[in-house]
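A short worksheet on the structure shown next.
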Amino acid sequence: MDEATQRMIASKGGQAAHQKGTAHEFDSEEARRAGQKGGEAVSRDREHMAEIGRKGGESRQSASRLARQGAKEEKR
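Quick note, the sequence shown lines up with residues 1 to 76 if you use the UniProt record's numbering.
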C-alpha cells in the first residue's frame, strides 16, 4: 500500500473516532510525559545524537559566516 493511501485510511479512522466520541485526546501532562519518553529514547542513541550535533554546528557556522559576509557587503 502506498503512503498516500495509508494516510487517507488513517485519517478516515481518526475522523470516525472523533465523531463517535471514542478518540483519545492528550491532556497537557500526558503529552509532556510522552514527549519526554521519546526524547529519552532518542538520547540513548549516541551516534544519532552526534549526527544532530554536527548538523547543528554546521548550521550555526554557516549562519555566522553569512552574517559576517552581509556586514562586509554593507560597508561597501
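Each residue gets a CB set at the ideal place from its N, CA and C atoms; glycine is no exception. Predicted model only: the values in this text are computed from it and were never measured.
For M8, the enclosing alpha helix (DSSP H) has its first and last residue at 3 to 20.
In this structure, A31 lies away from A23, with their beta-carbon atoms at least 8 Å apart.
Collapsing the DSSP output to three states places A50 in a helix.
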